[in-house]
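*Asks:*
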Amino acid sequence: MSLVLGLLSHTLSRVLWYSGLRRGCHAPRSHAMEQDKALEVYDIIRTIRDPEKPNTLEELEVVTENCVEVQEIGEDEYLVIIRFTPTVPHCSLATLIGLCLRIKLQRCLPFRHKLEIYITEGTHSTEEDIGALCK
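So for the sequence shown, my numbering puts the first residue at -2; every next one is plus one.
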């Protein structure tokens, strides 16, 4: 009897898994994994030096932990979204900062990913133009 119950339980869990009804059970683990990946990304980009100043992007608050978002888009593949804030609205090196973020992540991230890099809305006079260059 216990063998039949075990087999029934296993079969039911597989049916729920494949139907998608059980995905809610794994959402907290997935969310925690995305947060871990976001911290991993932040640890990589926070040490990038500003092109004009001797400080890091973290010290200048160009990047913060809150500016990094990671979403799972496939099996072991993630979408990394970064929104950085230039130090001044007319920063002439904002495009260079965006490209530095992209290159550093392409070289250093240990997992498969797609990158989207944006300037925080309302923080730069030409954010649309720069955003197009950073994509």
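Yeah, the Cβ is synthetic: ideal placement off N, Cα and C, and Gly gets one too. Everything numeric in this text was worked out from a predicted model, so none of it was measured.
1. Can you tell me which residues form a DSSP beta bridge with Ile42?
2. Using 8 Å for Cβ pairs, my map puts Thr117 next to Thr82. What's the rounded Cβ distance?
3. Is DSSP giving Glu118 helix, strand or coil here?
4. If the criterion is Cβ atoms closer than 7 Å, does the pair Ile79 and Ile45 meet it?
5. Pull up the distance between the alpha-carbon of Leu18 and that of His110, whole angstroms please.
6. Work out the CA separation of Gln32 and Cys105 for me, nearest whole Å.
7. Tell me whether the beta-carbon of Glu58 lies closer than 7 Å to the beta-carbon of Arg43.
*Replies:* With the structure as the only source:
1. Position 45 of the sequence shown, counted from the first residue, corresponds to residue 42. Looking at the DSSP output, Ile42 bridges to nothing.
2. Within the sequence shown, numbered from 1, the residue matching residue 117 stands at position 120. Within the sequence shown, numbered from 1, the residue matching residue 82 stands at position 85. Correct: roughly 4 Å between the Cβ atoms.
3. For the purposes of this step, residue 118 is identified with residue 121 of the sequence shown, where counting begins at 1. Glu118 falls in the coil class under three-state DSSP.
4. The sequence position of residue 79 within the sequence shown is 82, counting from 1. The sequence position of residue 45 within the sequence shown is 48, counting from 1. For Ile79 and Ile45, no; Cβs fall outside 7 Å.
5. By one-based count along the sequence shown, residue 18 stands at place 21. By one-based count along the sequence shown, residue 110 stands at place 113. Residue confidence is low: Leu18 scores 46 on pLDDT, short of 50, so the model does not pin down where it sits. Its coordinate-derived value is still stated next. Just so you know, the alpha carbons of Leu18 and His110 end up roughly 27 Å apart.
6. Stepping through the sequence shown from its first residue, residue 105 is reached at position 108. Stepping through the sequence shown from its first residue, residue 32 is reached at position 35. Rounded to whole angstroms, Cys105 to Gln32 spans 18 Å at the Cα level.
7. Against the sequence shown, residue 58 aligns to sequence position 61. Against the sequence shown, residue 43 aligns to sequence position 46. In terms of Cβ geometry, Glu58 and Arg43 do not form a close pair [threshold 7 Å].
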